[in-house]
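Be aware that the sequence shown starts at 243, since it is given in this note's numbering, and climbs by one per residue.
We treat Cβ as the ideally placed atom computed from N, Cα and C, and that holds for glycine.
Working notes for the structure below.
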Amino acid sequence: MSSPIQRVRTCRDRGSPMMTGRTPRMVAVLGVLACAGCVDRRFIIESNVPNAQVYIDDQPVGAAPSHSSFEYYGNYTVTLVQPGYETLTKRVHVRAPWYAYPPFDFAAEVLWPFHIKDTRRYYFELHEATKTRTDDLLNSAEALRLRGQTLPAPERPALPKVKPGAAPIQPVAPDAQPFPQPGSGGILPPPRQDNPLPDVVPRVGP
């Protein structure tokens, strides 16, 4: 007949294999749940111009419509480039959903056994690039040149009429006085005064 101490040891020995078999199964189940529960965040960038090159935070992500994954919520800078169109740069704000805040984020990404897809779709419209300013200036200059060729010639002022047999009117030159030659000892004449000064200067009393 076995003692009570031996019975306890026997029960413990019988229960240890059962616990050892459950532990790997629990770890496997938790591993499957951890792999299954995740959040797939993805951008979809569309444009009115197909094949426009898309950049997100200065990183190329392909031609529109383009698909790109993102890891965090917040602000992103989206740039679209296409020859013949003006480059477009926009700053977009990606708002986080409710399950991205603690403590729900841990449950959504680790414990939740289903796949969560968070897709953000954005549409951008490109405009054709305007002509350069040099072309506008050249076109304006050519239009002014053509306009100048069509203007009539300016009219010249009419000459004064002269009677038949009369001598033509000659311009009257001012009185010219010869200048003395160098070394002749001549003295230059005084300047001509139309209104000579009086000989007597009036005296002003105190």
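Just checking my contact of residue i with residue j at CB under 8 Å: how many whole Å lie between their CB atoms?
| i | j | result |
| --- | --- | --- |
| I298 | Y364 | I298 to Y364, Cβ: 10 Å. No contact. |
| T329 | T319 | About 12 Å; that fails the 8 Å criterion. |
| F366 | S289 | 5 Å |
| D282 | H357 | 7 Å |
Using only the alpha-carbon positions, how far apart do residue i and residue j sit?
| i | j | result |
| --- | --- | --- |
| A385 | D377 | 12 Å |
| L380 | R389 | 14 Å |
| Q295 | Q391 | 48 Å |
| P345 | N293 | 41 Å |
| G304 | C280 | 25 Å |
| P355 | D347 | 13 Å |
| L393 | P302 | 57 Å |
| H369 | Y343 | 39 Å |
| P259 | H309 | With a pLDDT of only 45 at P259, under the threshold of 50, the placement of this residue in the model should not be trusted, and no figure is reported. |
| A383 | K403 | 43 Å |
| R333 | R387 | 47 Å |
| D300 | Y341 | 29 Å |
Comparing C-alpha positions only, which one of the options sits nearest to residue i?
| i | options | result |
| --- | --- | --- |
| P307 | L322, I358, A400 | L322 |
| G326 | R283, N290, T361, A371 | A371 |
| R337 | E328, P345, T361 | T361 |
| Q324 | A395, C280, V291 | V291 |
| N317 | P355, L368, F285 | F285 |
| Y315 | L368, P339, P302 | P339 |
| E313 | L393, P355, K359, W354 | K359 |
If we define contact as Cβ-Cβ less than 9 Å, is residue i a contact residue for chain C?
| i | result |
| --- | --- |
| V320 | The structure shown contains no chain C; it holds only a single protein chain. |
Can you name the start and end residues of the beta strand (DSSP E) that residue i belongs to?
| i | result |
| --- | --- |
| T361 | 357–366 |
What residue ranges within the region 275–337 form continuous beta strand (DSSP E) runs of no fewer than 3 residues, ordered along the chain? With a minimum length of 3 residues, the continuous beta strand (DSSP E) runs that stay inside the region 275–337 are 280–289, 295–298, 301–305, 308–311, 316–323, 330–336.
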